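Structure first, commentary second.
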Amino acid sequence: MAAIPSKSPAALPASRPAGGAATHPISVTSHRWQFRGQSVHCLRATPQDQGAVKDSRRRPPLVLVHGFGASTQHWRHNVPCLAQQYEVHAFDLLGFGRSAKPTDLALDTTFWRDQLLDYARERVGRPAVFVGNSLGGYVALRAAAAQPHASAGVALLNPMGRFRREQGRTTGNRPFSWAVSGLAAMGLALFKTRVFQRLLFESLRRPGSIRRQLRKVYVDPTNVDEALVDAIRRPALDPGAFAVFANILNMPAHKPVDEWFAQVRAPLLFCWGRHDPWINPVPRLALFREAAPDAKEVILDAGHCPHDEQPEHFNRVLLQWLDTLNNTAMA
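Residues in the sequence shown are numbered consecutively from 0, following numbering that gives the first Met the number 0.
As structure tokens, this is what we get:
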């Protein structure tokens, strides 16, 4: 997808209809923000006429957090719809998209958690709803657990992460669990070598490889289009992209999510793509229900990225859940 120019309301494509929601023109701006000396690409979208949206000032802002290898472009079918009623923020995690790709920083979920929290404090300025997919879901969960006052709600879309009782399994544990498990037979020592990781990186960033991997995790391949493939490939050509890739491959296994759920105080929404081969959610639903018994749960006929594969359905689900939060807050 084409890059989002600064101060361009037409930067994002028109979203599909979302459950009969009223249509309002939106304003989209792209900007740069500094986090720990690194340049972060961000966008902000709002209704052009805030007065046309009922209770607009009381509605919490939304902060969208993408997954591994993705960027703000992965919210292409969501921002135009959500911004008709809400102030919407999204940014590229450092190491991805149009953000810097530092070679001298250890990027991990603690780093990205802090990036999200600093952005929410400096650029949003009030409690926001964190919406995260895959790696972004894990980051959003950690942020809401670390600073409960910063979040008005957390929506998790096929979030990465495993529970304590799942120790030893690769399901849901890291962005490339599918690669780690598939290459385990080749030996960990080989997998950890720079030469092998470089060969893997070069293979994975080819357009054909990106397209094949996406088709594995999208049940309906309609939205696996050239815009999406290009949005993933272009950042992988940037200087520093391989260093980020290798850093993440060598990242230690993440802590179990049990402790994060125990610390979250904000309302939770789980939106699952039931056919996700990486997270494998259906057999694990009982674990999430036990960890967050009061969470709203919706299961879509989609894969790893329900927001992009089934955007009309997802947008409707998220807006309805946000309505319940607003009604509760104003009661």
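We put the beta carbon where it would ideally sit given N, CA and C, even for glycine. Keep in mind that this is a model prediction, so the values were computed, not measured.
Using only CA atoms, which one of the options lies nearest to residue i?
{"i": "Q47", "options": "L81, T71 and A127", "result": "L81"}
{"i": "A294", "options": "R264, H312, E308 and P276", "result": "R264"}
{"i": "G272", "options": "A119, S133 and F241", "result": "S133"}
{"i": "D219", "options": "W320, A139 and P310", "result": "P310"}
{"i": "R57", "options": "S70, A291, Q72 and E86", "result": "E86"}
{"i": "A252", "options": "R210, P280, F162 and N314", "result": "F162"}
{"i": "R125", "options": "N314, P60, Q196 and R211", "result": "P60"}
{"i": "V52", "options": "I25, P292 and R35", "result": "I25"}
{"i": "E121", "options": "P79, C41, V138 and Q262", "result": "C41"}
{"i": "L92", "options": "E296, V138, R75 and Q49", "result": "V138"}
{"i": "A240", "options": "H23, T327, V216 and R197", "result": "R197"}
{"i": "N249", "options": "T192, E296, R283 and C304", "result": "T192"}
{"i": "A44", "options": "H76, T221, C304 and S208", "result": "H76"}
{"i": "Q33", "options": "Y118, R283 and H312", "result": "Y118"}
{"i": "P276", "options": "Q114, Q212, T102 and H148", "result": "Q212"}
{"i": "T108", "options": "G135, Q319 and K215", "result": "G135"}
{"i": "A149", "options": "Q114, G68 and P305", "result": "Q114"}
Please classify residue i: is it buried, with 16 or more other beta-carbons within 10 angstroms of its beta-carbon, or exposed?
{"i": "V316", "result": "buried"}
{"i": "S202", "result": "exposed"}
{"i": "V128", "result": "buried"}
{"i": "T323", "result": "exposed"}
{"i": "D307", "result": "buried"}
{"i": "A184", "result": "Annotation note: pLDDT 48 at A184 (below 50); position unreliable, coordinate value reported separately. The residue is exposed, with fewer than 16 neighbouring Cβ atoms inside 10 Å."}
{"i": "D224", "result": "exposed"}
{"i": "H73", "result": "buried"}
{"i": "K100", "result": "buried"}
{"i": "D300", "result": "exposed"}
{"i": "D54", "result": "exposed"}
{"i": "G207", "result": "exposed"}
{"i": "P158", "result": "buried"}
{"i": "G181", "result": "The predicted model places G181 with a pLDDT of 48, which falls under 50 and marks its position as unreliable, so this point remains unresolved."}
{"i": "R35", "result": "exposed"}
{"i": "R205", "result": "exposed"}
{"i": "A261", "result": "exposed"}
{"i": "N326", "result": "exposed"}
{"i": "L236", "result": "exposed"}
Would you identify the three-state DSSP class for residue i, choosing helix, strand or coil?
{"i": "T102", "result": "coil"}
{"i": "E201", "result": "helix"}
{"i": "V256", "result": "coil"}
{"i": "W284", "result": "With the sequence shown as reference, residue 284 is identified as Leu, and Trp is not the correct amino acid for it. L284: helix per DSSP, three-state reduction."}
{"i": "K295", "result": "strand"}
{"i": "V228", "result": "helix"}
{"i": "G302", "result": "coil"}
{"i": "A265", "result": "coil"}
{"i": "V243", "result": "helix"}
{"i": "V218", "result": "coil"}
{"i": "G207", "result": "helix"}
{"i": "V64", "result": "strand"}
{"i": "V316", "result": "helix"}
{"i": "L155", "result": "strand"}
What distance in whole Å lies between the Cβ atoms of residue j and residue i, which are believed to be in contact at a cut-off of 8 Å?
{"i": "L106", "j": "I231", "result": "18 Å between Cβ atoms; not a contact."}
{"i": "Q146", "j": "L116", "result": "6 Å"}
{"i": "L63", "j": "H88", "result": "7 Å"}
{"i": "F200", "j": "F244", "result": "5 Å"}
{"i": "P234", "j": "G96", "result": "5 Å"}
{"i": "V39", "j": "F90", "result": "6 Å"}
{"i": "D257", "j": "A290", "result": "6 Å"}
{"i": "A144", "j": "W259", "result": "4 Å"}
{"i": "L331", "j": "L140", "result": "With the chain represented from 0 up to 330, any question about residue 331 goes unanswered, as that position is not in the structure."}
{"i": "Y217", "j": "G131", "result": "Going by Cβ atoms, the distance from Y217 to G131 rounds to 19 Å, so no, they are not a contact pair."}
{"i": "A142", "j": "R112", "result": "5 Å"}
{"i": "Q83", "j": "T22", "result": "6 Å"}
{"i": "V153", "j": "L318", "result": "Not confirmed; about 16 Å, so no contact."}
For a cutoff of 8 Å on Cβ pairs, would you count residue i as touching chain C?
{"i": "D48", "result": "In the structure shown, chain C cannot be found, because there is only a single protein chain."}
Got a sec: does the ligand HEM put a non-hydrogen atom nearer than 7 Å to the Cβ of residue i?
{"i": "H88", "result": "Absence of the ligand HEM from the depicted structure is noted, as is the absence of any ligand whatsoever, leaving it without description."}
*Note down, one range per segment and in chain order, each beta strand (DSSP E) of at least 3 residues found wholly within the stretch 18-49.*
25-34 and 37-46
*asked:* What ranges does the alpha helix (DSSP H) occupy inside the stretch 69-139, keeping only unbroken runs of at least 4 residues that lie completely in it?
replied: 78-81 and 108-118
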